[in-house]
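So the mapping is simple: the numbering used here equals the position in the sequence shown, first residue as 1, plus 186. No residue lacks a Cβ here, since even glycine has one placed at the ideal position from N, Cα and C. Single-structure report; data block below.
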Amino acid sequence: MRELWASGYMHNRVRMIVASFLTKDLLIPWQEGAQWFWDTLLDADIANNTMGWQWTSGCGADAAPYIRVFNTVLQSEKFDKEGHYIRLWVPELAAMPAKWIHQPWLAPSALLKENSVYLGKIYPRPIVDHNSCKTRALLAYDKIKKMNLKKNRFF
Ligand SMILES: Cc1cc2nc3c(=O)[nH]c(=O)nc-3n(C[C@H](O)[C@H](O)[C@H](O)COP(=O)(O)OP(=O)(O)OC[C@H]3O[C@@H](n4cnc5c(N)ncnc54)[C@H](O)[C@@H]3O)c2cc1C
Numbered sequence: 187m188r189e190l191w192a193s194g195y196m197h198n199r200v201r202m203i204v205a206s207f208l209t210k211d212l213l214i215p216w217q218e219g220a221q222w223f224w225d226t227l228l229d230a231d232i233a234n235n236t237m238g239w240q241w242t243s244g245c246g247a248d249a250a251p252y253i254r255v256f257n258t259v260l261q262s263e264k265f266d267k268e269g270h271y272i273r274l275w276v277p278e279l280a281a282m283p284a285k286w287i288h289q290p291w292l293a294p295s296a297l298l299k300e301n302s303v304y305l306g307k308i309y310p311r312p313i314v315d316h317n318s319c320k321t322r323a324l325l326a327y328d329k330i331k332k333m334n335l336k337k338n339r340f341f
């Protein structure tokens with residue numbers, strides 16, 4: 187989000203990750219995220235933006251036939267293994283070794299102190315537990331699916 191605010195750009199992979207986090211981990215309507223992207227993206231495009239948000243939140247014309255909840259930590263470890271992107275946009279964590287930079291809240295407290303990472307002060311603790319959010323999102327999705335099947339509105 188800092189990259190978007192500073193540059194008006196965000197790579198497609200990161201757009202999918204933040205969109206999934208907002209709509210599935212936090213259960214915030216996709217329209218809220220789409221509005222922020224519309225206000226901040228240099229390449230803001232009504233069709234691409236809407237389709238991008240609807241696809242990621244699982245409600246678009248070409249939505250995936252299953253609900254995909256991105257795991258932000260696994261995505262970070264897979265696509266930014268050494269933490270270059272994190273070090274660029276989260277300088278508070280720049281000194282952390284790659285092993286712990288994706289989940290600093292699990293790092294040994296001595297290592298956090300050594301790197302001046304004070305959780306809850308200079309860097310926040312996680313605001314949600316991803317696994318419980320994923321379960322909640324899957325239950326919510328299932329409920330909507332059942333409601334629509336009941337109304338014979340095919341999903
Ligand atoms: C939640 C979300 C919101 C998005 N909002 C927008 C938006 O407002 N405007 C926008 O142009 N794209 C949007 N996209 C699509 C995609 O993220 C961007 O087109 C791409 O990241 C732009 O970066 P680039 O020019 O470096 O892309 P490259 O990867 O260099 O692609 C070149 C061009 O191909 C087209 N393109 C690439 N990927 C996509 C894609 N997934 N869908 C549609 N066109 C694509 C774009 O015109 C892009 O400029 C969104 C994607 C998501 C997941």
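Next on the checklist: Let me check one thing: in DSSP terms, what residues is L305 bridge-paired to?
Outcome noted: Within the sequence shown, the letter at position 119 stands for residue 305. Paired residues: Y309.
Next on the checklist: Less than 8 Å between the C-beta atoms of T236 and A220, yes or no?
Outcome noted: Position 50 of the sequence shown holds residue 236. Position 34 of the sequence shown holds residue 220. Closer than 8 Å, so yes.
Checklist entry - Grouping DSSP H, G and I as helix and E and B as strand, with all else coil, what is V314? => result For the purposes of this step, residue 314 is identified with residue 128 of the sequence shown, where counting begins at 1. DSSP places V314 in coil when its eight states are reduced to three.
Checklist entry - From what residue to what residue does the alpha helix (DSSP H) around T226 run? => result Locating residue 226 in the sequence shown gives position 40, counting from the first residue. Looking at the DSSP string, the run of the alpha helix (DSSP H) that includes T226 is 216-226.
Next on the checklist: Rounded to the nearest angstrom, what separates Y271 and V259 at their Cα positions?
Outcome noted: Here residue 271 refers to the residue found at position 85 when the sequence shown is read from its first residue. Here residue 259 refers to the residue found at position 73 when the sequence shown is read from its first residue. If I take the Cα positions, the gap works out to 13 Å.
Checklist entry - Which of helix, strand or coil does DSSP assign to Q261? => result Sequence index remark: in the sequence shown, residue 261 carries index 75 (1-based). Reduced to three states, the DSSP call for Q261 is helix.
Next on the checklist: If contacts are defined as beta-carbon pairs under 8 Å, then V276 and A323 qualify, I think. What distance do you get, rounded to the angstrom?
Outcome noted: Against the sequence shown, residue 276 aligns to sequence position 90. Against the sequence shown, residue 323 aligns to sequence position 137. That pair is no contact at about 25 Å.
Item to check | T242 CB to nearest heavy atom of ligand 1 below 7 Å | outcome: The count along the sequence shown starts at 1 and reaches residue 242 at position 56. Yes, ligand 1 has a heavy atom inside 7 Å of this Cβ.
Next on the checklist: Can you find the residues in the same chain that come closer than 7 Å, C-beta to C-beta, to L228, ignoring five residues on each side of it along the sequence?
Outcome noted: One-based indexing of the sequence shown puts residue 228 at position 42. Cβ within range, chain order: G194, Y195.
Next on the checklist: Is L208 a contact residue of ligand 1, with contact defined as CB to any heavy atom under 7 Å?
Outcome noted: Your numbering for residue 208 matches position 22 in the sequence shown. Because no heavy atom of ligand 1 lies under 7 Å away, the Cβ of L208 does not count as near it: no.
Checklist entry - The alpha helix (DSSP H) spanning H270 covers which residue range? => result Here residue 270 refers to the residue found at position 84 when the sequence shown is read from its first residue. Start and end: 270-275.
Checklist entry - Which same chain residues, not among the five before or five after A355, have their C-beta less than 6 Å away from its C-beta? => result The question about residue 355 has no answer here: the residues shown for the chain are numbered 187 through 341.
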